[in-house]
Every structure is written in C-alpha cells, then in structure tokens.
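In full-length UniProt numbering, the protein residues as written are 1 to 162. The structure appears below as structure tokens.
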C-alpha cells in the first residue's frame, strides 16, 4: 500500500471566480486517482490544507511524525512547490528509516483542468515511490531528485538538479 499525505499547496487550490483568489476546499486526489483509472492500493490522509509558504517547523514535524507512524514503507506527500525542498530536508534529517518518501506538487492547480501539471506529477510520483530505494525525494516534471540535489528555478518554473 502507498500512504498519501495531503498538505495543500497549489495542487489542491481552487479558483473563486467572484474574488479572483485561490482557496482550499477538498483535496483533488481522490478524483485524480479515479479519473486516472489508478488500481493502486492507496490510503489518503489530509494532514493540512495550506499554502506551503505557511508551513512552519511544527507542521514539518507533524509530517515527519506521520511518516514515522505510517505502516507502509511507501509514502507520497502532496505539497506546495515554494517550500517542498525545506520539508524534504526536514524529513531527511528526521531519522525516518526504511521508507521511500516522495514529495510532489503542481505549479498550476488541478482544478484548472488540462493546463495543470498536477496530474502528470502525481502519476510520476506514484511510479517513483514504488521503484526508488528508501530515502527522501522530490518528483516534479517527470523527474526525481534527491532531497539535497534539487532546487526550484523560479525563473523557469521547473525543478532542476543542483
């Protein structure tokens, strides 16, 4: 089984047509798995629904504690892209052994339809969490990166190796 932890981020944001602002309602994950015809055995648990710029040390420790307590060794975390490298670093240093932890997100909300990269990133993350050895990884744009070998290029909107 793959444990999926939802933390929010652009991945799950929706657009309010009246105010023009993005907001959180429910996670898009169940619908995405259904539409993608996934047959994987997954458990989805929402830990928080926040923008990653609002995730602090206590939130990261909450994520780490949930990873430690997970009964599976395959964990996927949906996360906002602005601070996912910070969370990856925290998890790598949190002494979580024997588990493959993959963090993914989206630059464009899934609710925006076919312009979102969320669907592709989710599919890639599900494949990588099943095939990579124990460790902490970020999966974006069809690629995987070690937690300490990646950065978000804010000029291009892509993640790249460092």
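Using N, Cα and C, we set each Cβ at its ideal position, and we do this for glycine too.
Judging by CA-CA distance, which residue of the options is the nearest neighbour of residue i?
i           : options        : result
residue 48  : 27, 38, 1, 36  : 27
residue 84  : 74, 105, 100   : 105
residue 116 : 141, 77, 1, 56 : 141
residue 1   : 34, 42, 38, 33 : 42
residue 108 : 34, 38, 51, 44 : 51
With a CB to CB cut of under 8 Å and the five nearest residues on each side skipped, what residues in its chain are close to residue i?
i          : result
residue 92 : 135, 136, 147, 148
Just verifying my parser: in three-state terms, what is the DSSP assignment at residue i?
i           : result
residue 143 : strand
residue 161 : strand
residue 126 : helix
Cutting at 7 Å between CB atoms, please list the residues of its own chain near residue i, excluding the five before and the five after it.
i          : result
residue 67 : 75, 91, 96, 99, 101
residue 46 : 6, 27
residue 59 : 48
Answer with buried or exposed for residue i, where buried requires no fewer than 16 other C-beta atoms within 10 angstroms of its C-beta.
i           : result
residue 121 : buried
residue 124 : buried
residue 31  : exposed
residue 87  : buried
residue 53  : exposed
residue 69  : exposed
residue 158 : exposed
residue 64  : buried
Just checking my contact of residue i with residue j at CB under 8 Å: how many whole Å lie between their CB atoms?
i          : j           : result
residue 36 : residue 81  : Not a contact, Cβ separation roughly 21 Å.
residue 72 : residue 130 : 11 Å between Cβ atoms; not a contact.
Tell me which same chain residues have a C-beta within less than 6 Å of the C-beta of residue i, skipping the five on either side of it?
i           : result
residue 139 : 102, 104, 124, 125, 128
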